[in-house]
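Undergrad: Those protein sequence lines, which keep their order, are chains A and B.
Going by our numbering, the first sequence opens with residue 43, and the numbers climb by one from there.
Going by our numbering, the second sequence opens with residue 43, and the numbers climb by one from there.
There are 2 protein chains.
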Amino acid sequence: MSLYSSLSAEQLRVEYDEVKQSYDDFKARGLELNMARGKPSPAQLDMSLDIFDSVNALNGYKAQDGTDCRNYGNLTGLDECKTIFAQALGVQNDNIIVCGNSSLNIMFDYISQCMTHGAGDKPWMLQGKIKFACPVPGYDRHFGILEHFGIEMLNVPMLADGPDMDKVNELIKDETVKGMILVPKYSNPEGITLSDECVRKIAAMKPAAEDFRVIWDNAYCIHDVNETSDELLNIFEAAKEFSSEDMFIEVTSTSKISFPGAGVSALAASDRNIEMIKKRMTVQTIGNDKLNQLRHAIYFKNLDGLKNHMKKHAASLKPKFDAVIECFTKEFDGTGIAQWKNPNGGYFISLNVLDGTAKRTGELCKDAGVVLTPPGATYPYGKDPEDKNIRIAPSFPTVEELRKAAELLAISARLAACEKLLKR
Amino acid sequence: MSLYSSLSAEQLRVEYDEVKQSYDDFKARGLELNMARGKPSPAQLDMSLDIFDSVNALNGYKAQDGTDCRNYGNLTGLDECKTIFAQALGVQNDNIIVCGNSSLNIMFDYISQCMTHGAGDKPWMLQGKIKFACPVPGYDRHFGILEHFGIEMLNVPMLADGPDMDKVNELIKDETVKGMILVPKYSNPEGITLSDECVRKIAAMKPAAEDFRVIWDNAYCIHDVNETSDELLNIFEAAKEFSSEDMFIEVTSTSKISFPGAGVSALAASDRNIEMIKKRMTVQTIGNDKLNQLRHAIYFKNLDGLKNHMKKHAASLKPKFDAVIECFTKEFDGTGIAQWKNPNGGYFISLNVLDGTAKRTGELCKDAGVVLTPPGATYPYGKDPEDKNIRIAPSFPTVEELRKAAELLAISARLAACEKLLKR
């Protein structure tokens, strides 16, 4: 195919007609596919089915230390469950709190606590307008939490190896900037893993706000897809050098390891932050679901258990990622209108289409039966300033379905590009 | 025994010596018992063991509507689980949100939301000092939440049929009084169930604050112990007459039906409040643990299922309640230093000892190996103004252990009374 930017109006019209024909053909097929959310497929969920048998009347319900997991008690989680998360995140058990089924909820709770009680001494809510640095594109649900609490979001571009730290270091000179939120490994949506240098720069930050916090959402810490896997520098190791451990709140979960609806989540933090969070938790709950923690601890045993399990997931996900990448490579070949990354892990492929055509591409897909994450969602307030980023979640559909959906997406992006260029 | 108040100093000395001897004998036995928390016994937990088998690889994990409960989705809970709670609380399914394993957490979240976003339009946190009416004695964890958020607590006496509503109606003329929190059935700790008249008075309240909320913690809605059970008027039915439905947030859970650590909790509220809470939940979580909801729905089926199950609990609890009451009747007979109630349900027995001797009684018990809920805990800020209330949680120990513990408690209370009266 030809570079769209070099086409004459007449050539564009020919291209438009051709692509429009393909699009209409697709539409006529009446697809009904959804690539909107990073939702594991039923086949992936089936990989964890035996988890149910870890705990029952026959196999027992007691933790290693004899705790009857059915009853009240145990605020910070079962030790055997802490061990698994501690190994996965490279911290000590004492720096882990095992929570409920949602790391999103941990982040919401943490920010909520900062609003009412502060990360330091003074509640964020009583400090006037406050702000967060938001590497973009990013995770819509992160932005949702910040928006809910009226925290102004400041876009920071994600570069090839992580957020633009020059920009971040500029922003944090303002003491109303209270934090940053990001997915450091296999980022949502681009699948970028922060370089060691970038992690060190983050650990070295000297924000004007003494109550500045980085929400380190390590959702995909062991979620490799390709055989080549990314390695993320341990943020708490990096922070040691700068004595900045208190600046980081790390979260993760088994949502995309066992069951999204009934997994176990965990928080990792410095001794000081753990104490502060425990103090709140004492009032907030008598304890999280220990039976589910026990199920997970017995089933996965340790980090090796998790990793072996994740190889099965990778085997299921890789053909899906490949199908999308192959399709893009073929369909956008030579057009110069799209860029994408081929991430080594995570749950998403990020596609940048021609500036100003992402929303239109989304509409075209939807009209032909393929639902995408709404373009714009990967930016704060749902506003992609260049209207170009589209997040693709390839996990749920089958490979066959994905091929169709990705092809439709590419055709829609080309059609939207033609439409835009013809209007010039 | 003789009325303590009528004893001469000399007679008191004799009584003291006698009671001291009994106390020392007890102490020498080296008891190790705990009546501090309303914790079901292992025997009670065993009654729900089959719940594990409701959901597994063999029996399935799909809800009635086909939802794969392992995956993401379903914000407000499975319909079949809503039905059970709706029946138990006498509301429509649409007015129920099924949550995680803790109704305490629902209350914390709700108050937290009111602080940051308000119950009406304006966040409570931006309205200066705010206050709650607190019927006393009450539940220490309620007071803990209010204290955590810096909400001033105003004591309101619990009368025989509920809170002193004259006092409440006086307090709520102050628009900084934003709410009231209570257990309306088998109250914690007294086991009082609000009379229909009292419930109607609560429904009829006209608080100055338009964003006034009553947290209706119906923790023991079906938790009868005696054959004679109390009936609580449905608060939402009562509220209809006064169009005050928006004033009430009702919560309950299966913590003391299935498993305290791994049950299911629920919130009931008016359409308007449900909408408001859903709006927050959309940001806070992708959904609660549906597998656990499904387990409960399949196992209990409906309100009849719950009620039949609770009869087994009652059979286990009744001899324990009886043992404590019998012991008190015997040990305090004629002394005139103690009052208690014989509740028809719930989890507690409330004992009022001689004014100014509850803390000392607690110390004496502790020194002899029996841990009670710390005296004072049943009042805001841990301060029982008359230092007389002691909460007894008889569920966890065996009947045999309870007999000993209750006897020691009575002896300790008598000893503390002698000590006090001798100092006159």
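Virtual Cβ for every residue (Gly too), placed ideally from N, Cα, C.
#1: Could you give the C-beta distance for A:Ile214 and A:Phe254, rounded to a whole number, given that I count them as a contact under 8 Å?
#2: Pick helix, strand or coil for B:Gln326, following the three-state DSSP scheme.
#3: Which same chain residues end up closer than 7 Å to B:Ile187 when comparing Cβ atoms and leaving out the 5 residues on each side of it in sequence?
#4: List the endpoints of the continuous alpha helix (DSSP H) containing B:Ile126.
#5: Inspect the CB distances between the region 368 to 381 of chain B and the region 390 to 398 of chain B and report whether three or more fall short of 8 Å.
#6: Give me the Cα-Cα distance between A:Thr109 and B:Leu75, rounded to the nearest whole angstrom.
#7: With H, G and I counted as helix, E and B as strand and the rest as coil, what does DSSP make of A:Leu359?
#8: For B:Leu333, tell me which candidate among B:Asp203, B:Ser237, B:Ile139, B:Val97 has the shortest Cα-Cα distance.
#9: Starting from A:Gly387, follow its DSSP beta bridges and name the residues at the other end.
#10: Can you name the residues of chain A whose CB is closer than 9 Å to the CB of B:Lys81?
#11: Is the shortest distance between the beta-carbon of B:His190 and the beta-carbons of chain A less than 8 Å?
#12: On the CB-based measure, 16 or more other CB atoms within 10 Å of its CB, does B:Thr296 come out buried or exposed?
#13: Of all Cβ atoms in chain B, is any one closer than 8 Å to the Cβ of A:Pro302?
#14: Indicate whether the contact test is met: 3 or more Cβ pairs, each with one atom in the region 396 to 413 of chain A and one in the region 445 to 458 of chain A, closer than 8 Å.
#15: Sorted by chain position, which residues of the same chain lie with C-beta nearer than 6 Å to B:Met77's C-beta, five sequence neighbours on each side aside?
#16: Can you tell me whether B:Gly170 is buried or exposed? The criterion is at least 16 other CB atoms within 10 Å of its CB, across all chains shown.
#17: By Cβ distance, which residues of its chain are closer than 7 Å to B:Phe469, with the 5 residues on each side in sequence left out?
#18: Any contact between the region 125 to 135 of chain A and the region 358 to 375 of chain A? By contact I mean 3 or more CB pairs, one from each, below 8 Å.
#19: Could you check the C-alpha separation between A:Gly102 and B:Gly180 for me, to the nearest Å?
#20: Counting only Cβ-Cβ distances shorter than 7 Å, please list the residues of the region 138 to 170 of chain A near chain B, keeping chain order.
#21: Please report the distance separating the alpha-carbon of A:Met318 from that of A:Leu117.
#22: Excluding five sequence neighbours on each side, which residues of the same chain lie with their C-beta closer than 7 Å to the C-beta of A:Arg337?
#23: For B:Phe68, which option in B:Arg466, B:Ala452, B:Leu463, B:Lys465 has the closest C-alpha, if you only look at C-alpha atoms?
#24: Tell me which residue opens and which closes the alpha helix (DSSP H) that A:Pro84 is part of.
#25: Quick check on the burial criterion: 16 or more other C-beta atoms within 10 angstroms. Buried or exposed for B:Val468?
#26: Could you give the first and the last residue of the continuous beta strand (DSSP E) run that contains A:Phe11?
#27: For the alpha helix (DSSP H) that A:Thr158 lies in, which residues bound it at each end?
#28: Between B:Gly233 and B:Thr420, what straight-line distance do the alpha-carbon atoms span, to the nearest angstrom?
#29: Taking DSSP as the reference, what is the three-state secondary structure of A:Arg466?
#30: Along the alpha helix (DSSP H) that carries A:Ile257, what are the first and last residues, could you check?
#31: Output yes or no for whether 8 Å exceeds the beta carbon distance between B:Asn137 and B:Asp313.
#32: Between which two residues does the alpha helix (DSSP H) carrying A:Asn211 extend?
#33: Output needed for B:Asp409: all residues of its chain with C-beta closer than 8 Å, excluding positions within five of it in sequence on either side, in chain order.
#34: Return the first residue and the last residue of the beta strand (DSSP E) that A:Ala310 is part of.
#35: Would you mind stating whether B:Asn147 and A:Thr327 have Cβ atoms separated by less than 8 Å?
#36: Taking beta-carbon pairs under 9 Å, can you tell me which members of the region 175 to 187 of chain A lie near chain B?
TA: Straight from the coordinates:
#1: 7 Å
#2: helix
#3: Met149, Phe150, Ile153
#4: 121 to 131
#5: yes
#6: 17 Å
#7: helix
#8: B:Val97
#9: A:Asp266
#10: Asn113, Tyr114, Gly115
#11: yes
#12: buried
#13: yes
#14: yes
#15: Leu414, Ile434, Ala435, Ala447
#16: exposed
#17: Not covered by the structure: residue 469 of chain B. The range shown for chain B is 43 to 466.
#18: no
#19: 36 Å
#20: Gly142, Asn143, Ser144, Leu146, Asn147, Phe150, Ser154, Met157, Thr158, Met167
#21: 13 Å
#22: Ile93, Ser96, Val97
#23: B:Ala452
#24: 84 to 88
#25: Nothing about residue 468 of chain B can be read from this structure; chain B reaches only from 43 to 466.
#26: With chain A covering only 43 through 466, there is no way to say anything about residue 11 of chain A.
#27: 145 to 159
#28: 13 Å
#29: coil
#30: Segment 255 to 259 is the beta strand (DSSP E) holding A:Ile257; no alpha helix (DSSP H) there.
#31: yes
#32: 207 to 213
#33: Lys69
#34: 307 to 311
#35: yes
#36: Arg183, Gly186, Ile187
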